[in-house]
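Structure record follows, encoded as structure tokens.
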Amino acid sequence: MPAEGTARPRVVIIGAGFGGLRAARALRKAPVDVVLVDRHNYHLFQPLLYQVATAGLEPEQIARPVRAILRRQSNAEFRMTEVTGLEPAANRIVTTDGPIPYDYLILAVGGETNYFGLEGVPQHGFGLKDIPEAIRIRNHVLHAFERAMLEPDPEQRRAELTFIVVGGGPTGVEMAGALSELIRLVLVKDYPRLNFKDVRVLLLEATDRLLAPMPSRLREAAAETLWRKHVETRFGATVADYDGARVRLKSGEVIPARTLIWAAGVKAVSLTGRLGLAT
Numbered sequence: 294m295p296a297e298g299t300a301r302p303r304v305v306i307i308g309a310g311f312g313g314l315r316a317a318r319a320l321r322k323a324p325v326d327v328v329l330v331d332r333h334n335y336h337l338f339q340p341l342l343y344q345v346a347t348a349g350l351e352p353e354q355i356a357r358p359v360r361a362i363l364r365r366q367s368n369a370e371f372r373m374t375e376v377t378g379l380e381p382a383a384n385r386i387v388t389t390d391g392p393i394p395y396d397y398l399i400l401a402v403g404g405e406t407n408y409f410g411l412e413g414v415p416q417h418g419f420g421l422k423d424i425p426e427a428i429r430i431r432n433h434v435l436h437a438f439e440r441a442m443l444e445p446d447p448e449q450r451r452a453e454l455t456f457i458v459v460g461g462g463p464t465g466v467e468m469a470g471a472l473s474e475l476i477r478l479v480l481v482k483d484y485p486r487l488n489f490k491d492v493r494v495l496l497l498e499a500t501d502r503l504l505a506p507m508p509s510r511l512r513e514a515a516a517e518t519l520w521r522k523h524v525e526t527r528f529g530a531t532v533a534d535y536d537g538a539r540v541r542l543k544s545g546e547v548i549p550a551r552t553l554i555w556a557a558g559v560k561a562v563s564l565t566g567r568l569g570l571a572t
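Each number in my numbering corresponds to the 1-based position in the sequence shown with 293 added.
Right, here's the structure in full:
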């Protein structure tokens, strides 16, 4: 039965990411009414978040209003709200602004950062899954250089200028390379009193290779590019803990660092668990 007595079935799509928007657009000529739901009113191009984090792009350059995307789709509407539950027996989702009935439901909620149970990492480090996180990284890097300028102790100053990126996938590789470029090409001019030999950008990868699913020629090219950008790449380096001042590896090695950016994996968003779905 169509929801709320309407003439056409209602398809509710949760999530305005790539999957949700693709599903909505695929239904543009179907005899259905589409309701797209997301807690943000913009579609984020996540692959370029690292550019926002390193001041290469501004947030508005990688985010587009969802309503503008759907403007010419007459059978679609957008609702900005937070989904808090699912009532399958009643064919409706529960949101912070009330229930939304559906005839068909599409879950396109994406993923969130997987910290693999390391409590210190989300507490003291940074993820890179949304615009606020990217802006926090950008501000933190600049503040690290300001603190380093005022730090009289050489050891503490080196810790301020040590930037660790965890994860040798596309996000980690791009983030480490762009961060090193920002430091070597821009910040070196803004902080002439600092000794840039104290600056380190380390990319830690738990396995024995970068960009594991990709062809070997691309992996080798990425490694060569990082080397030219002065990024130190460490393989077999599994993070065991981070307290905001030092990274402890499973090998027992400790690396003093005030910055850790986590790009080591994703998992299904917590919403799926709250909805009682297997992940």
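Note that beta-carbon positions come from the ideal geometry of N, C-alpha and C, so glycine has one too.
Residue i: first and last residue of the uninterrupted alpha helix (DSSP H) it sits in
i: I424; result: 424–443
i: P447; result: 447–453
i: F528; result: F528 -> not in any alpha helix (DSSP H); beta strand (DSSP E) instead, spanning 524–528.
i: R315; result: 311–319
i: N413; result: Checking the sequence shown, residue 413 turns out to be Gly, not Asn. Looking at the DSSP string, the run of the alpha helix (DSSP H) that includes G413 is 413–417.
Where the beta strand (DSSP E) containing residue i begins and where it ends
i: M373; result: 369–373
i: L511; result: Element bounds for L511: not the beta strand (DSSP E) but the alpha helix (DSSP H), 509–521.
i: P549; result: 547–549
i: V532; result: 532–535
i: A268; result: In this structure the chain extends from 294 to 572, so residue 268 is not present and cannot be described.
i: G410; result: Note, G410: premise wrong, no beta strand (DSSP E); not H, not E.
i: K543; result: Counting along the chain, K543 falls outside any beta strand (DSSP E), and DSSP gives it neither H nor E.
i: K560; result: 559–561
i: R303; result: 303–307
i: Y395; result: Premise fails: Y395 is in no beta strand (DSSP E) and is neither H nor E.
Buried or exposed (CB count within 10 angstroms, at least 16 for buried), residue i
i: K422; result: buried
i: N520; result: Per the sequence shown, the amino acid found at residue 520 is Trp instead of Asn. W520 should be labelled exposed.
i: V458; result: buried
i: L553; result: buried
i: L511; result: exposed
i: A383; result: exposed
i: F371; result: buried
i: F419; result: buried
i: M468; result: buried
i: H436; result: exposed
i: D331; result: buried
i: A361; result: exposed
i: G410; result: exposed
Cβ separation of residue i and residue j, assumed to be a contact under 8 Å, to the nearest whole Å
i: G308; j: V387; result: Their Cβ separation, rounded to whole angstroms, is 16 Å, which puts G308 and V387 out of contact at 8 Å.
i: L496; j: V524; result: 6 Å
i: E405; j: K560; result: 6 Å
i: A550; j: A452; result: 6 Å
i: V466; j: A499; result: That pair is no contact at about 14 Å.
Cα-Cα separation, residue i to residue j
i: G349; j: D396; result: 43 Å
i: R541; j: G470; result: 23 Å
i: I548; j: F456; result: 10 Å
i: A316; j: H417; result: 37 Å
i: P340; j: K522; result: 20 Å
i: V325; j: L400; result: 17 Å
i: L363; j: A369; result: 7 Å
i: H333; j: V376; result: 11 Å
i: F311; j: V328; result: 16 Å
i: E517; j: R321; result: 45 Å
i: M294; j: L379; result: For M294, the pLDDT reaches just 43, beneath the cut-off of 50, and the residue's location in the model is therefore unreliable, leaving the point undetermined.
i: A556; j: A300; result: 46 Å
The ligand FMN heavy atom lying under 7 Å from the CB of residue i
i: L443; result: Absence of the ligand FMN from the depicted structure is noted, as is the absence of any ligand whatsoever, leaving it without description.
Alpha helix (DSSP H) segments (min. 4 residues) lying fully within the stretch 328–393 = 342–346, 359–363
Completely contained alpha helix (DSSP H) runs for the stretch 471–506, where each covers 4 or more residues | none
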